[in-house]
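Take a look at the structure below.
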Amino acid sequence: MGKTKTEINERKGVKTIRNMFKNIIKLNFLFLFLCVSVWSKDTSIYDVSFEDTDGNKVHLSEFSNDLILIVNTASACGFTKQYGGLQLLWEKYSERGLTILAVPSNDFHQEPGDNEAIKEFCEINYGITFPIMAKVNVKGNNKHPFFLWVENNYGSKNLPKWNFFKYLVNKNGELINVYSSRIKPSSDEFNRVIEENL
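For the sequence shown, my numbering gives the first residue as 2, with consecutive numbering after it.
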């Protein structure tokens with residue numbers, strides 16, 4: 002028995018709706034791809050912002066005339082004592098144009114506390130007076146835009162492999178170098194590079 006006109010039209014309608022949804026999904030993926038491509042090519046580091054432990058926006062554009070040191074930190078790591086060295090760097094160079102931002106992350110399972118606990122830990126144990134950002138992801142699909150900027154412009158090899166990776170950005174917004182956890186803030190070489198770029 003043949004299909005009625007109504008049945009044929011209903012099937013055509015369902016097929017049309019399915020095709021429309023498929024096209025919408027394709028367009029959404031295309032739009033997302035284009036957004037990521039444009040972001041990776043055209044985004045300056047000065048378009049990136051963080052949120053500090055008090056919930057205030059911190060735009061890197063505020064430090065466009067400074068040498069910026071961004072460090073992914075953790076409170077329960079073998080390298081946590083480097084907080085003390087970072088504070089000494091801050092005291093030595095901040096008036097000459099060095100900005101230090103601590104960026105806590107639990108991606109390596111060594112920063113379990115919330116933002117308030119992290120801030121308190123840093124202030125009580127190391128007397129930290131430089132800005133501490135809210136906890137973020139430094140790797141994976143949900144990595145913070147700063148680390149996405151690093152990956153897009155300098156390759157995934159420069160993403161943190163552990164806590165206390167140090168990212169030194171010059172006054173032109175370019176990444177000078179990435180220093181691993183094993184390079185102490187007190188290192189002569191590290192201090193020499195800071196001096197040269199202030």
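Note that beta-carbon positions come from the ideal geometry of N, C-alpha and C, so glycine has one too.
- Per the Cβ contact rule, the stretch 140-154 is not in contact with the stretch 115-130 (fewer than 3 Cβ pairs under 8 Å).
- Of all alpha-carbon atoms in 119, 172, 99, the one lying nearest the alpha-carbon of residue 47 is that of 172.
- Contact between the stretch 63-71 and the stretch 162-178 is present: three or more C-beta pairs spanning the two stretches fall below 8 Å.
- Here the alpha carbons of residue 134 and residue 51 stand approximately 7 Å from one another.
- As summarised for the stretch 124-155, the continuous alpha helix (DSSP H) elements at least 4 residues long and confined to that stretch are 146-155, given in chain order.
- Going by DSSP, residue 179 is part of the beta strand (DSSP E) stretching over 176-180.
- Separation of the CB atoms of residue 75 and residue 164 is rounded to 4 Å, and the pair is thereby assigned contact status at 8 Å.
- The alpha-carbon of residue 92 is positioned some 14 Å away from that of residue 199.
- In the DSSP assignment, residue 168 falls within the beta strand (DSSP E) that extends over 167-170.
- Residue pairing from DSSP places residue 105 in a beta bridge opposite 74.
- By the neighbour-count definition (other C-beta atoms within 10 Å, threshold 16), residue 158 is an exposed residue.
- In terms of Cβ geometry, residue 194 and residue 177 form a close pair [threshold 8 Å].
- Of the residues 181, 78, 55, the one whose Cα lies closest to the Cα of residue 111 is 78.
- Between the C-alpha atoms of residue 180 and residue 166 there is a straight-line separation of about 6 Å.
- Only residues of its own chain outside the window of five on either side were considered, and among them 45, 46, 47 have a CB closer than 6 Å to the CB of residue 174, listed in chain order.
- Residues 50, 51, 52, 53, 102, 132, 134 of the same chain have their beta carbon placed closer than 8 Å to that of residue 59, with the five preceding and five following residues left out of the count.
- Setting aside the 5 residues that flank it on each side, residue 90 is surrounded in the same chain by 186, each with a C-beta closer than 6 Å to its C-beta; the list follows chain order.
- Residue 60 has 50 as its beta-bridge partners, per DSSP.
- Residue 193: member of the alpha helix (DSSP H) spanning 189-198, first to last residue.
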